[in-house]
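Taking it in order: structure first as structure tokens, then the write-up.
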Amino acid sequence: MSAETSSTSITTTITTSTTIDTTTNTITTITTGTTTIDITTTIATSTIATTTTGIPNPPYVYNPNGTPTAGIPNPTYAYDPDTDPHGGEDDNWNSQVIPVAVSLYGFSSSTLWLSSNGIISLSGPDQYYPYGAGLPSSDIPDPDIPNDTAAPFWYDLVLDPGRGHGIWWSYVNGIVYVEYICTSFSDSSRYFHFQVEFPTATPNIVVYRYYEMNTNVYAFFGVQKDSTTGYGFPHSTGSPAQGWVVTCDTTTTPGICVRTA
Numbered sequence: 084m085s086a087e088t089s090s091t092s093i094t095t096t097i098t099t100s101t102t103i104d105t106t107t108n109t110i111t112t113i114t115t116g117t118t119t120i121d122i123t124t125t126i127a128t129s130t131i132a133t134t135t136t137g138i139p140n141p142p143y144v145y146n147p148n149g150t151p152t153a154g155i156p157n158p159t160y161a162y163d164p165d166t167d168p169h170g171g172e173d174d175n176w177n178s179q180v181i182p183v184a185v186s187l188y189g190f191s192s193s194t195l196w197l198s199s200n201g202i203i204s205l206s207g208p209d210q211y212y213p214y215g216a217g218l219p220s221s222d223i224p225d226p227d228i229p230n231d232t233a234a235p236f237w238y239d240l241v242l243d244p245g246r247g248h249g250i251w252w253s254y255v256n257g258i259v260y261v262e263y264i265c266t267s268f269s270d271s272s273r274y275f276h277f278q279v280e281f282p283t284a285t286p287n288i289v290v291y292r293y294y295e296m297n298t299n300v301y302a303f304f305g306v307q308k309d310s311t312t313g314y315g316f317p318h319s320t321g322s323p324a325q326g327w328v329v330t331c332d333t334t335t336t337p338g339i340c341v342r343t344a
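In the numbering used here, each residue's number is its place in the sequence shown (first place is 1) plus 83.
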């Protein structure tokens, strides 16, 4: 804030005259004056820098005739099937420590549990499938999903070596990104490519972005607090399509997800 101020000048002139009437023994005093006041107004000016924060959409070019590539900024493998001695990933979990904590339903964690079947838990693997993520069987909420989970695309997915598959993560400009490129267990010709964003400036918010997405697949997507509480799109709605953006808000229970693009 800055201010510009000039001085204030006040000039006063007073003239007094006294007349004595000796006839009536009356004294008359007349006082006249002129006051000049110069007032300078002080104007304070303030410049407020307005910063618009949002969730950027990383540059990504859709390639319908080739292998998808990760579009998040500065991607780092959380899981690389090309280096897996087991020759790929099916029904499994991978943990990834991140440099900041993210939150769902008020629960914060700096460890992401990444399921090969398209869900991300902040609490850890589910109790029924400690070594392999549960397969979709009913609408969210579901007891096969662990607590505090983002479910961008819960389906029977596989990450194969030699096909550009993987799970990547990065932390850029206050946003934790996770990105999947994978296929279906039942039809390996399909590609599924989607992205998850946890903006740290807005806790309990998670955003899903969908790139290559095959049709005629009935996957589950939403958020889950526990086995009986959550918000999911009904199985009957099918799967999110290419170009969709879904924003889920878990500030209050049970949460809500809205397609925003």
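Where a beta carbon is used, it is the ideal one built from N, C-alpha and C, also for glycine.
- If you ignore the 5 residues before and after Gly189, its C-beta comes within less than 7 angstroms of the C-beta of Asn287, all in its own chain and listed in chain order.
- If you compare the alpha carbons of Gly170, Gln325, Asn157 with that of Gly245, the shortest gap goes to Gly170.
- By the Cβ neighbour-count rule, Gly321 is exposed, with fewer than 16 other Cβ atoms within 10 Å of its own.
- Look at Asp270 here: in three-state DSSP terms it is coil, with no helix or strand label.
- With a 10 Å radius around the Cβ and a threshold of 16 neighbouring Cβ atoms, Gly326 comes out exposed.
- Going by C-alpha positions, Pro208 is about 7 angstroms away from Trp176.
- Sorting Asp332, Val259, Arg292 by C-alpha distance to the C-alpha of Gln307 places Asp332 at the top.
- Between Tyr274 and the set Asp239, Thr311, Val289, Val328, the nearest pair of CA atoms involves Asp239.
- For Ala153, the closest of Tyr293, Val289, Pro168 by C-alpha to C-alpha distance is Tyr293.
- For Arg292, the beta-bridge partners assigned by DSSP are Gln278, Val328.
- In the structure shown, the three-state DSSP call for Thr320 is helix.
- Rounded to whole angstroms, Val241 and Thr336 show a C-alpha spacing of 32 angstroms.
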